[in-house]
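Read the structure below first, then the notes.
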Amino acid sequence: MQNKFAWIMTPDLPWDDRKEMITTALESGISYVLDLEYSDKIRKLGNVNIVSNDDEADIYLVGINGEGDGSVDLSENLSDSKDLALSKKAKGEGKIVCAYIKITDKLHEQLAVKIGPIVDYIILVSTDWTVIPLENIIADLQKVDVNIIAAVSDEEGAKLALETLEHGTDGVIFEANDFAQIKSIAKEVDDASKEKYELKVATVTNVKPLGSGDRVCVDTTDMMQPGEGMLIGSYSKSMFLVHSESLESEYVASRPFRVNAGPVQAYVMVPGNKTRYLSELVAGDEVLIVNTEGETRTAYVGRSKIERRPLILIEAEYEGKIIRTLLQNAETIRIVDENNEPLSVADVKPGDKVKVYIEKSARHFGIAIDETIIEQ
Numbered sequence: 001m002q003n004k005f006a007w008i009m010t011p012d013l014p015w016d017d018r019k020e021m022i023t024t025a026l027e028s029g030i031s032y033v034l035d036l037e038y039s040d041k042i043r044k045l046g047n048v049n050i051v052s053n054d055d056e057a058d059i060y061l062v063g064i065n066g067e068g069d070g071s072v073d074l075s076e077n078l079s080d081s082k083d084l085a086l087s088k089k090a091k092g093e094g095k096i097v098c099a100y101i102k103i104t105d106k107l108h109e110q111l112a113v114k115i116g117p118i119v120d121y122i123i124l125v126s127t128d129w130t131v132i133p134l135e136n137i138i139a140d141l142q143k144v145d146v147n148i149i150a151a152v153s154d155e156e157g158a159k160l161a162l163e164t165l166e167h168g169t170d171g172v173i174f175e176a177n178d179f180a181q182i183k184s185i186a187k188e189v190d191d192a193s194k195e196k197y198e199l200k201v202a203t204v205t206n207v208k209p210l211g212s213g214d215r216v217c218v219d220t221t222d223m224m225q226p227g228e229g230m231l232i233g234s235y236s237k238s239m240f241l242v243h244s245e246s247l248e249s250e251y252v253a254s255r256p257f258r259v260n261a262g263p264v265q266a267y268v269m270v271p272g273n274k275t276r277y278l279s280e281l282v283a284g285d286e287v288l289i290v291n292t293e294g295e296t297r298t299a300y301v302g303r304s305k306i307e308r309r310p311l312i313l314i315e316a317e318y319e320g321k322i323i324r325t326l327l328q329n330a331e332t333i334r335i336v337d338e339n340n341e342p343l344s345v346a347d348v349k350p351g352d353k354v355k356v357y358i359e360k361s362a363r364h365f366g367i368a369i370d371e372t373i374i375e376q
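Following the UniProt record's numbering, the numbering of the sequence shown begins with 1 at its first residue and continues without gaps.
Below, the structure written as structure tokens:
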């Protein structure tokens, strides 16, 4: 599942009121703002992406005050479309382009399908998606490299758009006119972006202390709860759920922001069903926090700490397949057992049942592919 996103349109209000809505959106994780008047003032509020018909906009907007919103008549011969021509011109100038189209009839629906392959984003507006189904346009553009954005007014509309045809739209846009509305839609988008992994129960077959190696601690900008950790393993298609250091210990204080992850060559699952080597992670990178039910959320790396530490090899078997991981050999390092309880590597032994993730596809440069790759 890809990450969904939200944009806001600023309401037709005085600047001070508009500013409060934009600030709330930024605090809710929404950093794309469609505004045709106050670009300079908005940029002073933070790291904001401006969507506008101004040449200096981060994303150049076509369609408002044009054929897209009905201000200019749309010819039945779509090849004569002014919005289409303007989109091509802007793309030729190297701009990131967004088309705005109000779907009022079949002709505007056809314009959306024709302009989709040209632009980077397309905003679809309708007063009633049950009359002109969103499914039609999503289906026509599903193989086109364009981000489809549905205009919505509330959380329910956002949920419908993001789930349409299973894949749903890539994002939603709404006029920000209420603080609660901004936060509820932002949460709906965040929930729709969460990936879920089906965790299996494997049987530990071997535990072997090793010598020292370079291991990685991943410190995130999120506080993890007991039961949360990261999917980590020596093989990119089979990983153990490694528990966070969110538990108290008689030896050290809890570090709920940390996963003591494994050696530098190990893989970690990141958003987009991709993997990274632990050694690659640096501050600002995204990682997946995973709980015992396979539910996920995205967190950012605050720092990655590599130190020389004694290691331990853990092997487990699932349906005839042997999977392995290496971890630091210390009492505070834990995986997760079949009862969703943390299991210290100091206590793990052959016969123990532990939570793992097994993927059918192989991986190439961290991306799942249908190819035979043997990892051992």
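Where a beta carbon is used, it is the ideal one built from N, C-alpha and C, also for glycine.
Given this structure, state the Cα-to-Cα distance separating residue 385 from A192, to the nearest angstrom. There is no way to answer for residue 385, as the model of the chain reaches only from 1 to 376.
With 16 other CB atoms within 10 Å as the buried threshold, where does M223 fall? Exposed: under 16 other Cβ atoms inside 10 Å.
Quick check on the DSSP output: what are the complete alpha helix (DSSP H) runs of length 4 or more inside the segment 265-325, in order along the chain? DSSP runs (the alpha helix (DSSP H)) wholly in the segment 265-325: none.
Any idea if P342 is buried or exposed, counting beta-carbon neighbours within 10 angstroms, 16 or more meaning buried? Burial check for P342: the Cβ neighbour count within 10 Å reaches 16 or more, so the residue is buried.
In terms of alpha-carbon separation, which member of E319, P263, E228 lies closest to T205? Ranked by Cα distance from T205, the options E319, P263, E228 are led by E319.
Return the residue from the list V33, D128, I59, N329 that minimises the CA-CA distance to A261. The candidate whose alpha carbon is nearest that of A261 is N329.
For E188, which option in P14, D352, S28, G351 has the closest C-alpha, if you only look at C-alpha atoms? S28 is the residue among P14, D352, S28, G351 whose C-alpha sits nearest the C-alpha of E188.
If I follow the unbroken alpha helix (DSSP H) through H108, where does it start and stop? Its alpha helix (DSSP H) spans residues 106-115.
Pick helix, strand or coil for E27, following the three-state DSSP scheme. In this structure, E27 counts as helix in the three-state DSSP scheme.
With H, G and I counted as helix, E and B as strand and the rest as coil, what does DSSP make of G213? If DSSP states are grouped into helix, strand and coil, G213 belongs with the strands.
For my contact list, A266 and T325 are in at a C-beta cut-off of 8 Å; report their separation, rounded to the angstrom. That pair is a contact at about 7 Å.
Check N47 in the structure and name its three-state DSSP category. Residue state, collapsed to three classes: coil.
Distance, Y32 Cα to L199 Cα: If you draw a straight line from the Cα of L199 to the Cα of Y32, it comes to about 35 Å.
Among V290, L311, L278, K321, which has the Cα closest to the Cα of R303? Selected option, being the one with the closest Cα: L278.
From the DSSP output, read off the bridge partner residues of Y32. Paired residues: N49.
According to DSSP, simplified to helix, strand and coil, what is K349? Coil, per DSSP.
Locate the alpha helix (DSSP H) running through G92, then write down its first and last residues. Where G92 is concerned, the enclosing alpha helix (DSSP H) starts and stops at 82-92.
Go to L162, then tell me how far its alpha helix (DSSP H) extends in each direction, as first and last residue. The continuous alpha helix (DSSP H) containing L162 extends over residues 155-163.
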